[in-house]
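Undergrad: There's a structure below that I have some questions on.
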Amino acid sequence: MGTEACNAPPSDTPTSDAPALNAPALDAPAFDDAFRQQLAELFRWRRDVRRFRRDALAPGLLEGLLRMADLAPSVGLSQPWRFVTVDDPARRAAVRASFAQCNAAALAAQQAGRGGLYARLKLAGLDDAPCHLAVFAEPDPAQGHGLGRGTMPEMVQYSAVMAVHTLWLAARAAGLGLGWVSIIDPATVAGALDVPGEWGLIGYFCLGYPEAERDTPELELAGWERRAAPAVLRR
Ligand SMILES: Cc1cc2nc3c(=O)[nH]c(=O)nc-3n(C[C@H](O)[C@H](O)[C@H](O)COP(=O)(O)O)c2cc1C
């Protein structure tokens, strides 16, 4: 029955085989109202950033952020995300060229009347962002022993997206902005980065200090789309 998953287990559920699971962690933090308010502000002020200052990231900052992203949930604890930092100018140029080509195609495919608006959007910060990062998913990782992806193998990609979102929030909390670039050809980018053939591209990311902080999505400010209320069905 579909509702059972949301109910508390019956009190006689056997637990004796895993006593450590019930032991309280003495150092578990207590999150207070002030923290919750700050967290809500973090969610509200996280932005997709395409306009960057060129300042380099402080030493160790990226590595610390990737360690936080690595704390994301993953199917079967498989941690299928694979991070690739991209510094090589030729590889960056290949990604930039893919973006230019795909963005031109997307412009040409716009519905009548929207092309002008699309052309004015800035949809990547590839030229200025000091840090470029590609995220891939390992499609069949040994880690996790296949748990949870028998019927839905796409859970591997979903897991990698969880890591991206964790990185996105951690970056914003550190005063950085992250911009997702998906208007690229995944095969071209994977080839340019010379990664194992089975890895699937999740996204290409620009990371750096933002030109400005905003609480409104840039696409909303540009008149492209507006944020809607959550869609919730009740059954
Ligand atoms: C899967 C995904 C792909 C995206 N691809 C792009 C992209 O190629 N270029 C871009 O400018 N923004 C991209 N974005 C950012 C969205 O446009 C942005 O999240 C949305 O407009 C809401 O703005 P906010 O993130 O600032 O709240 C992408 C976001 C997601 C989640």
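With positions in the sequence shown counted from 1, the corresponding number in this note's numbering is that position plus 61. Don't be surprised by glycine CBs; every beta carbon is placed ideally from N, CA and C.
#1: Would you be able to state if there are at least three C-beta pairs under 8 Å between the region 169-185 and the region 215-235?
#2: Is the region 283-293 in contact with the region 248-266, if contact means three or more CB pairs nearer than 8 Å?
#3: What is the DSSP secondary structure of D109, reduced to helix, strand or coil?
#4: Looking at W260 and R143, is the spacing between their C-beta atoms short of 8 Å?
#5: Would you mind stating whether V145 and G209 have Cβ atoms separated by less than 8 Å?
#6: Which of helix, strand or coil does DSSP assign to G240?
#7: What's the gap between the Cα of L262 and the Cα of A203?
#8: Evaluate H206 with the Cβ neighbour count: other Cβ atoms within 10 Å of its Cβ, from every protein chain shown; 16 or more gives buried, anything less gives exposed.
#9: Kindly list the residues whose CB is nearer than 8 Å to the CB of A234, restricted to its own chain and excluding five residues on each side of it in sequence; keep chain order.
#10: Let me know the secondary structure DSSP gives P150 once reduced to three states.
#11: How big is the Cα-Cα spacing for A190 and F160?
#12: So the candidates are D109, P90 and R153; which of them puts its Cα closest to the Cα of L280?
#13: Which class does F92 belong to by DSSP, given the choice of helix, strand or coil?
#14: Within the structure, which residues are defined as neighbours of ligand 1 by a Cβ-heavy atom distance below 5 Å, reported in chain order?
#15: DSSP three-state label for V256, please.
#16: Which residues mark the beginning and the end of the beta strand (DSSP E) in which G269 is found?
#17: State the DSSP-derived secondary structure class of L194, mapped to helix, strand or coil.
#18: Ignore the nearest five residues each way along the sequence and tell me which others in V250's own chain have a CB closer than 7 Å to its CB.
#19: Rounding to the nearest angstrom, what Cα-Cα distance links M62 and S139 in this structure?
#20: DSSP has V145 in a bridge; who is on the other side?
#21: DSSP on H206, reduced to helix/strand/coil?
#22: Have a look at P200, F113 and G238 and flag the residue whose alpha-carbon is nearest the alpha-carbon of V217.
#23: Helix or strand or just coil, what does DSSP make of M213?
TA: So, from the listed chains and residues:
#1: no
#2: no
#3: strand
#4: yes
#5: no
#6: strand
#7: 19 Å
#8: exposed
#9: L103
#10: helix
#11: 15 Å
#12: D109
#13: coil
#14: R108, D109, L184, W241, V242, S243, I244, P278 and L280
#15: coil
#16: G261 to G269
#17: strand
#18: V156, S159, A195, L262 and Y265
#19: In this prediction, M62 scores a pLDDT of 32, lower than 50, which makes its location untrustworthy; the coordinate-derived value is nonetheless stated afterwards. Taking the straight line joining both Cα atoms gives about 28 Å.
#20: A195
#21: coil
#22: P200
#23: coil
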